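Student: Heads up: the sequence shown at position 110 corresponds to 290 in my numbering, and the numbers run straight through without jumps. By construction, the Cβ of each residue, glycine as well, lies at the ideal position given by its N, Cα and C atoms. The structure displayed is predicted, hence computed values, not measured ones.
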Amino acid sequence: MQTLGRTAVALLAATTFASLTACSPPEKKSDSNSSSAATATSAAGFGGMDALVAAAKKEGQLNVIALPPDWANYGEIIKAFGDKYGIKVNSAQPDGSSQDEINAANQLKGQGGAPDVFDLGGAVASANTAMFAPYQVATFANIPANLKDANGAWVNDYGGYMSIGYDSAKVPAPTTIADLLKPEYKGKVALNGDPTQAGAAFSGVVMASLGSGGSADDIAPGVDFFGKLKKAGNFLPVDPTSATVESGQTPVVIDWDYLNVAQGAKLKGKLDWKTVVPANAVLGSYYVQAINKDAPHPAAARLWEEFLYSDDGQNLWLKGSARPVRADAMQKAGTIDATAFAALPKVEGTPVFLTDEQTTKAKDYLAANWQKAIG
181 MQTLGRTAVA LLAATTFASL TACSPPEKKS DSNSSSAATA TSAAGFGGMD
231 ALVAAAKKEG QLNVIALPPD WANYGEIIKA FGDKYGIKVN SAQPDGSSQD
281 EINAANQLKG QGGAPDVFDL GGAVASANTA MFAPYQVATF ANIPANLKDA
331 NGAWVNDYGG YMSIGYDSAK VPAPTTIADL LKPEYKGKVA LNGDPTQAGA
381 AFSGVVMASL GSGGSADDIA PGVDFFGKLK KAGNFLPVDP TSATVESGQT
431 PVVIDWDYLN VAQGAKLKGK LDWKTVVPAN AVLGSYYVQA INKDAPHPAA
481 ARLWEEFLYS DDGQNLWLKG SARPVRADAM QKAGTIDATA FAALPKVEGT
531 PVFLTDEQTT KAKDYLAANW QKAIG
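Listed below in structure tokens is the structure:
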């Protein structure tokens with residue numbers, strides 16, 4: 181699976197999930213429709229989209245988890261789905277992690293408040309595939325084979341590339357990783373978290389490696405780069421937020437492109453925040469979408485997937501500056517939001533996606549060498 185972890189998600193330790201039982205709706209008894217939906221592997225297998233829509237409306241609810249409204253435009257996506265089908269979307273733990281989603285599904289199994297669907301980082305998804313229900317959406321065929329399970333147990337959904345966000349009034353425009361070592365960036369370069377724990381920071385080190393002669397199999401040059409950045413006085417050990425960006429405390433931020441672009445949109449009119457994917461250091465990653473095999477609302481869960489992978493759903497992710505998995509097919513078909521797609525940061529060079537094995541190797545190297553590099 182080619183995926184990224186949420187910015188605040190720990191790579192080496194899972195966080196504890198606070199039980200949702202107190203606010204969960206009562207457990208619902210299965211009827212013939214919901215039982216059939218729970219085993220349906222496609223809308224056609226359920227009797228067609230009209231039958232699936234009817235069954236989902238009868239269930240009346242959908243439980244999602246760990247979907248911040250300002251992350252990849254999920255706020256608008258949730259509203260659009262609810263408005264289109266008249267289904268109430270219960271959004272729990274919007275700031276939760278991928279592991280929180282799995283913990284909730286296990287703790288609330290058999291209850292009406294359990295998550296119906298998952299949106300996961302790759303490491304957590306790979307470890308929990310036994311919890312997923314195979315399902316192929318109507319557009320399954322034009323999702324690249326390497327970005328999905330052949331039976332639809334998991335499918336990559338949206339993602340992006342590591343990038344450098346910067347306040348153009350405070351620093352010159354960087355184009356390469358090496359530019360950040362220049363005196364103009366002294367005390368200004370922030371990494372989004374601790375790379376031994378946070379997904380975005382981890383990927384930032386890998387990006388630095390790609391731009392410093394390393395590879396997906398060798399991130400040592402990336403660790404060395406941050407050692408040099410620290411020695412030059414350019415590395416800023418502050419976790420960036422909208423507040424630190426707006427105040428000028430963190431004028432340069434290494435983060436996913438869709439989060440840096442969203443930052444610029446949020447601060448438009450206050451500062452000129454720009455985003456660049458450094459040339460020949462293009463690290464990409466996707467999230468994983470899956471249905472909980474024990475979903476309390478199995479028809480609504482499947483209808484949600486149909487919506488997400490429709491042109492409308494994919495364009496809503498794109499509106500949030502995330503790159504939808506069907507982008508290539510939609511470009512060819514002329515159904516992509518061309519304006520939103522053109523607004524994404526330009527990419528020069530061949531994108532690199534880490535395998536699970538490369539990720540594990542890189543994490544092990546970081547755990548042993550990061551602190552030695554930055555002191």
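1) Let me know if M342 comes out buried or exposed under the rule of 16 or more other beta-carbons within 10 Å of its beta-carbon.
2) According to DSSP, simplified to helix, strand and coil, what is T356?
3) For S422, count neighbouring C-beta atoms within 10 Å of its own C-beta (all shown protein chains included) and say buried if the count is 16 or more, exposed if not.
4) Tell me the start and end of each unbroken beta strand (DSSP E) in the segment 334-396 that is at least 3 residues and wholly inside, in chain order.
5) As a quick exercise: from F261, A396 and A553, pick the residue whose alpha carbon is nearest that of V462.
6) Taking DSSP as the reference, what is the three-state secondary structure of W550?
7) What residue range is occupied by the uninterrupted alpha helix (DSSP H) comprising D320?
8) Assess contact between the segment 226-244 and the segment 477-493, defined as three or more Cβ pairs (one per stretch) separated by less than 8 Å. Is contact present?
9) Have a look at A272, V505, P458 and V527 and flag the residue whose alpha-carbon is nearest the alpha-carbon of P324.
10) Name the DSSP bridge partner or partners of I471?
11) For A272, which residues does DSSP report across the bridge?
12) Since L288 and V269 should fall inside the 8 Å C-beta cutoff, what is the C-beta to C-beta distance between them, to a whole number of angstroms?
13) List the DSSP bridge partners of V532.
14) Would you call S210 buried or exposed, if buried means 16 or more other Cβ atoms sit within 10 Å of its Cβ?
15) Helix or strand or just coil, what does DSSP make of S210?
16) Rounding to the nearest angstrom, what Cα-Cα distance links V418 and F533 in this structure?
17) Would DSSP call K408 helix, strand or coil?
18) From Q429 to K368, what distance separates their C-alpha atoms?
19) Between the alpha carbons of P205 and G292, how many angstroms are there, rounded?
20) Tell whether a beta-carbon distance below 8 Å holds between D296 and P476.
21) What's the call for A310, buried or exposed, on a 16-neighbour Cβ count within 10 Å?
22) What three-state label does DSSP hand P504 in the structure shown?
23) Are the CB atoms of T530 and P458 nearer to each other than 8 Å?
24) Between the segment 444-454 and the segment 266-284, do three or more beta carbon pairs fall short of 8 Å?
25) Measuring CB to CB, does N372 end up less than 8 Å from I434?
26) Is the segment 222-231 in contact with the segment 306-322, if contact means three or more CB pairs nearer than 8 Å?
27) Can you tell which of D230, P375 and G500 has the C-alpha that lies nearest to the C-alpha of E256?
28) Can you list, in chain order, the residues of its chain whose CB lies under 6 Å from that of M387, leaving out five sequence neighbours each side?
Tutor: Taking the structure as given:
1) A buried status is given to M342, since no fewer than 16 other beta-carbon atoms sit within 10 Å of its beta-carbon.
2) Reduced to three states, the DSSP call for T356 is coil.
3) Classification of S422: exposed, given that the 10 Å Cβ count is below 16.
4) Here the runs fully enclosed are 335-347 and 369-371.
5) Residue A396 holds the alpha-carbon nearest to the alpha-carbon of V462 among F261, A396 and A553.
6) Helix, per DSSP.
7) Looking at the sequence shown, residue 320 is not Asp but Phe. F320: not part of any alpha helix (DSSP H); DSSP gives it neither H nor E.
8) Look at the beta carbons and you see the segment 226-244 touching the segment 477-493: at least three pairs across the two are nearer than 8 Å.
9) That would be V505, whose Cα lies nearest to the Cα of P324.
10) Assignment of beta-bridge partners to I471 by DSSP yields V297.
11) When DSSP reads this structure, A272 sits in a beta bridge with I245.
12) Wrong, their Cβ atoms sit about 17 Å apart, outside the cutoff.
13) Answer is L463.
14) Residue confidence is low: S210 scores 41 on pLDDT, short of 50, so the model does not pin down where it sits. Its coordinate-derived value is still stated next. Classification of S210: exposed, given that the 10 Å Cβ count is below 16.
15) Annotation note: pLDDT 41 at S210 (below 50); position unreliable, coordinate value reported separately. Coil.
16) Approximately 27 Å, taken between the alpha carbons.
17) Of the three classes helix, strand and coil, the one that applies to K408 here is helix, per DSSP.
18) Here the C-alpha atom of Q429 lies approximately 8 Å from the C-alpha atom of K368.
19) Residue placement at P205 is flagged as unreliable, the pLDDT there being 40, under the threshold of 50; the coordinate-derived value follows with that caveat. Cα to Cα, P205 sits roughly 5 Å from G292.
20) Their beta carbons are under 8 Å apart, which means D296 touches P476 by this criterion.
21) It is exposed - the Cβ of A310 has fewer than 16 other Cβ atoms within 10 Å.
22) Strand at P504.
23) When the beta-carbon positions are compared, T530 and P458 stay at least 8 Å from each other.
24) These segments do not touch.
25) With contacts defined by Cβ atoms closer than 8 Å, N372 and I434 form a contacting pair.
26) For the pair of segments examined, the segment 222-231 was found to touch the segment 306-322: the number of CB pairs separated by less than 8 Å reaches three.
27) Distances from the CA of E256 to each of D230, P375 and G500 were compared; the closest alpha carbon is that of G500.
28) So the list reads M342, A461 and L463, once near-sequence residues are dropped.
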